[in-house]
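What follows is the structure, given as structure tokens:
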């Protein structure tokens, strides 16, 4: 009896093999059923290169192998993976650099932060470690799934299954996978069901752990007593710097500070919904303000009324300098360190406290 199982075959190719075949015109990137249509930004491309250079796995590429029955020449239609393969080609052709944060962990090297492939290869001529990185890049193994004679309906079905059952991990899910058994991660996750934290994060996607990601930012800010950039690379770096030195004594101290911050925010009783400040950028500023007041043992008895007036003016009075500066900080790159600092300083100035 004939089997109705759909035919596929798994294998792998190196970056070197792929690029050699690409130069021979072996790949068609735009077959009619090509699914990978989103154009990646530079951050996504750089992150892929960081992943490859550090020999971390990437999702498989899906190809249709096509053999010409007259000539025996083999070509490949790219079903899924266009952006990944195009990024590799762009890097080799010096169109895309390595990320500037490439050397931020033990698998990278600061010497080649942000450099093009040609610049890296020049350094490799004099530096054996960089030479090894280049060799390992060419030898990196890309997983490949060959799908036989796909048609529109079959490809739709395949990628519906991939998207429903194999969603790629976001930054917080990756942190969980790496740090789930650490004291720092478990202290952070313990606040996920805190009543007030639930109130702050109710708009975030809990199925993808966005709430835990935000609590992570608040928690490591509490540990470090400083404002930092909200991009995932920076969060990962700060987390990694903290996790190994975070012991039981540190845990007790930080949890006390964290809960003290929660209590202060409760006392202020700010109506986040009424002032339309439920977004994480606003909440981050308020958290640091509470941290600043608690750390400096400032008498905060009259802050509740002032804070409510500040946010009321933010939505109504466009002439107050501090609310203007605060609003301007929300226009672009609102999670950057400079924008976050502007918001906190705007509030501190309004409250007649010393700026950061």
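In my numbering, the protein residues as written are 849 to 1204. Each residue gets a CB set at the ideal place from its N, CA and C atoms; glycine is no exception. From a predicted model like this one, the values you see are computed outputs, not experimental measurements.
#1: Would you kindly work out how many angstroms separate the C-alpha atoms of residue 1200 and residue 1168, rounded to a whole number?
#2: Just list the residues that DSSP pairs residue 860 with in beta bridges.
#3: State the DSSP-derived secondary structure class of residue 913, mapped to helix, strand or coil.
#4: Got a sec? Which residues, its chain only, sit under 7 Å from residue 1117 by beta carbon, not counting five neighbours each side?
#5: Would you kindly check if the distance between the Cβ of residue 929 and the Cβ of residue 909 is under 8 Å?
#6: Given residue 952, which residues of its chain have a CB within under 6 Å of its CB, disregarding the five upstream and five downstream residues?
#7: Quick one: is residue 945 buried, meaning 16 or more other Cβ sit within 10 Å of its Cβ, or exposed?
#8: How many angstroms separate the CA atom of residue 1181 from the CA atom of residue 1135?
#9: Write down the C-beta distance between residue 1036 and residue 1063 rounded to the nearest angstrom, noting that I regard them as a contact closer than 8 Å.
#10: Helix, strand or coil for residue 1111, going by three-state DSSP, please let me know.
#11: Given residue 1120, which residues of its chain have a CB within under 6 Å of its CB, disregarding the five upstream and five downstream residues?
#12: Got a sec, what are the start and stop residues for the beta strand (DSSP E) residue 923 sits in?
#13: Could you check how far apart the C-beta atoms of residue 860 and residue 989 are, in whole angstroms? I think they sit under 8 Å.
#14: Comparing alpha-carbon positions, which option in 1133, 901 and 995 lies nearest residue 912?
#15: Return the Cβ separation of residue 897 and residue 935 in integer angstroms, given the expectation that the two are a contact with Cβ distance under 8 Å.
#16: Measuring alpha carbon to alpha carbon, tell me which of 1068, 1021, 1115 and 1032 ends up nearest residue 1044.
#17: Which residues does DSSP pair with residue 1123 in a beta bridge?
#18: Identify, in the order they occur along the chain, each residue of the same chain with its Cβ nearer than 7 Å to the Cβ of residue 1143, setting aside the five sequence neighbours on each side.
#19: How big is the Cα-Cα spacing for residue 1159 and residue 1188?
#20: When DSSP labels each residue in this structure, what does residue 1067 get in the three-state scheme?
#21: So, at 7 Å on beta carbons, what are the nonlocal neighbours of residue 1185 in its own chain, with the 5 sequence-adjacent residues on each side left out?
#22: Three-state secondary structure (DSSP) at residue 1198?
#23: My output table needs one value for residue 955: the three-state DSSP class, helix, strand or coil.
With the given structure in hand:
#1: Spanning the alpha carbons of residue 1200 and residue 1168 requires a straight line of approximately 14 Å.
#2: 991
#3: strand
#4: 1152
#5: yes
#6: 1085
#7: Residue 945 counts as buried, since at least 16 other C-beta atoms from the protein chains shown sit within 10 angstroms of its C-beta.
#8: 19 Å
#9: 6 Å
#10: helix
#11: 1126
#12: 922-928
#13: 5 Å
#14: 995
#15: 7 Å
#16: 1115
#17: Paired residues: none, contrary to the question.
#18: 1073
#19: Approximately 16 Å between the Cα atoms of the pair.
#20: helix
#21: 1075, 1076 and 1077
#22: helix
#23: coil
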